[in-house]
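Peer 1: Just so you know, we're using the working numbering here: the sequence shown kicks off at 321 and counts up by one. Where a beta carbon is used, it is the ideal one built from N, C-alpha and C, also for glycine. Right, I'll just put the structure down here and ask away after.
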Amino acid sequence: MIPSGTLPKVATAALLLIGAQAHMIMRHPVPYNLDIDPKVQVDPLSDSNPFPCQNRIDVQTRTDIDAGGATLVQFTGGAQHGGGSCQFSISYDDPLTNGWNTSAKFKTVYTIIGGCPAIFTDESRSLPPAKPDQDGRANTAECFNDFGIDCTRQFLVPLPSFLRNGPATFAWTYFNKLGNREMYMTCAPVTIHNGTASQPEIDALPDIFVANVPASDCTTGTAADHVVLNIPNPGIHGRVLAPPSEPATKPHNYCANIPPKDRLPTFCDEYAVDGDGDGDGDWGGGGGDGGGEV
Ligand SMILES: *[C@@H]1O[C@H](CO)[C@@H](O)[C@H](O)[C@H]1NC(C)=O
Ligand SMILES: *[C@@H]1O[C@H](CO)[C@@H](O)[C@H](O)[C@H]1NC(C)=O
Numbered sequence: 321m322i323p324s325g326t327l328p329k330v331a332t333a334a335l336l337l338i339g340a341q342a343h344m345i346m347r348h349p350v351p352y353n354l355d356i357d358p359k360v361q362v363d364p365l366s367d368s369n370p371f372p373c374q375n376r377i378d379v380q381t382r383t384d385i386d387a388g389g390a391t392l393v394q395f396t397g398g399a400q401h402g403g404g405s406c407q408f409s410i411s412y413d414d415p416l417t418n419g420w421n422t423s424a425k426f427k428t429v430y431t432i433i434g435g436c437p438a439i440f441t442d443e444s445r446s447l448p449p450a451k452p453d454q455d456g457r458a459n460t461a462e463c464f465n466d467f468g469i470d471c472t473r474q475f476l477v478p479l480p481s482f483l484r485n486g487p488a489t490f491a492w493t494y495f496n497k498l499g500n501r502e503m504y505m506t507c508a509p510v511t512i513h514n515g516t517a518s519q520p521e522i523d524a525l526p527d528i529f530v531a532n533v534p535a536s537d538c539t540t541g542t543a544a545d546h547v548v549l550n551i552p553n554p555g556i557h558g559r560v561l562a563p564p565s566e567p568a569t570k571p572h573n574y575c576a577n578i579p580p581k582d583r584l585p586t587f588c589d590e591y592a593v594d595g596d597g598d599g600d601g602d603w604g605g606g607g608g609d610g611g612g613e614v
């Protein structure tokens with residue numbers, strides 16, 4: 321279904337160029353500081369935009385999300401990094417009083433290996449540009465589904481029914497395939513509804529994977545590598561949209577817990593989401609087959 325075996329190799333010069341270009345944010349659920357200063361940046365996490373959440377805490381819109389349902393996740397940005405792997409997580413830490421700190425807990429609810437948020441037929445080229453957003457962030461063509469090629473995808477992310485109700489933070493973290501080894505993170509204030517609040521099950525969710533940032537002591541490769549990261553401890557809910565890959569030569573501080581590329585996660589399909597959840601497969605499910613797959 322995904323012609324990843326046919327993706328052309330690209331020249332190092334092109335990679336450097338790609339690495340220098342604009343990146344992305346999650347725009348729905350509406351993140352902290354989407355349009356209010358200090359605005360959330362499309363750049364990777366760094367000393368000035370630290371883990372977690374680029375230290376953004378200003379609530380613009382708090383999105384209602386449904387434990388046991390699913391939430392639509394959309395992105396804005398350049399997406400010139402050949403896609404990658406991403407995670408969606410929930411934090412119950414309250415950043416509003418003292419801000420975020422690096423020990424904040426983010427529990428993974430869904431993991432996507434490869435194809436997040438795009439798959440390219442020619443990774444040496446940028447995606448076609450689209451209208452910049454209201455704050456002038458660059459954007460590219462969007463697929464408005466979770467399977468298109470050469471456009472930025474969107475995903476319907478299922479949420480466990482055992483979440484605790486009330487205010488929380490929903491985060492997207494992303495490891496790009498091409499360019500410098502980076503980590504991206506956008507966080508959105510949400511209110512969780514319909515949860516059954518099973519603390520043991522919440523505690524049993526894996527912690528999100530953190531690498532390539534000052535808050536972590538390990539990396540996922542070097543800038544020369546094309547890495548579709550096989551995210552460690554991905555949890556039991558997610559999808560593999562493109563095969564994982566690993567660097568030919570691992571740097572000395574390569575994260576020791578990254579599974580080998582051929583050890584694919586086993587995701588249960590109990591959480592499979594077909595399209596918009598009403599079963600008609602109109603923008604989800606993949607491959608134009610009417611949906612229903614994971
Ligand atoms: C809670 O669940 C009910 C019943 O499934 C649904 O109608 C409602 O929209 C849900 N609430 C939210 C905020 O999604
Ligand atoms: C960091 O945040 C966590 C969770 O909000 C909190 O429990 C902890 O006390 C904070 N640590 C520091 C050093 O502020």
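1) Give the DSSP-derived three-state secondary structure of residue 454 in the structure shown.
2) Got a sec? Which residues, its chain only, sit under 8 Å from residue 342 by beta carbon, not counting five neighbours each side?
3) Over the uninterrupted alpha helix (DSSP H) stretch that includes residue 417, give me the two end residues.
4) Among the residues of its own chain, which have a CB less than 8 Å from the CB of residue 541, if the five just before and after it don't count?
5) Do three or more CB pairs link the stretch 404-423 to the stretch 487-498 at distances below 8 Å?
6) Which value, in whole angstroms, describes the spacing of the CA atoms of residue 480 and residue 389?
7) In angstroms, rounded to a whole number, what distance separates the CA positions of residue 517 and residue 431?
8) In this structure, what does DSSP give as the bridge partners for residue 367?
9) Taking 8 Å as the cut-off, is the C-beta of residue 348 nearer than that to any heavy atom in ligand 1?
10) Tell me the start and end of each unbroken beta strand (DSSP E) in the stretch 422-495 that is at least 3 residues and wholly inside, in chain order.
11) Looking only at DSSP bridge pairs, what is residue 507 linked to?
12) Spell out a yes or no on whether the stretch 433-446 and the stretch 352-367 are touching, meaning 3 or more CB-CB pairs, one atom from each, closer than 8 Å.
13) Report all residues from its chain with a CB closer than 6 Å to the CB of residue 420; omit the five preceding and five following residues, and keep chain order.
14) Under the assumption that residue 347 contacts residue 394 (Cβ atoms under 8 Å), give the Cβ distance between them as a whole number of angstroms.
15) Just list the residues that DSSP pairs residue 380 with in beta bridges.
16) Name the two residues that bound the continuous beta strand (DSSP E) containing residue 578.
17) Around the C-beta of residue 550, are 16 or more other C-beta atoms found within 10 angstroms, so that it is buried, or is it exposed?
18) Run the proximity test for residue 409: is its beta-carbon closer than 8 Å to any non-hydrogen atom belonging to ligand 2?
Peer 2: This is what the structure gives:
1) coil
2) Confidence at residue 342 is low in this model, with a pLDDT of 48, below 50, so its placement is unreliable and no value can be given for it.
3) 415-418
4) 501, 547, 566, 567, 570, 571 and 574
5) yes
6) 8 Å
7) 22 Å
8) None, per the DSSP bridge assignment.
9) no
10) 427-433 and 475-478
11) 491
12) no
13) 372, 373 and 375
14) 6 Å
15) DSSP output for residue 380 lists no bridge partner at all.
16) No beta strand (DSSP E) holds residue 578; DSSP gives it neither H nor E.
17) buried
18) no
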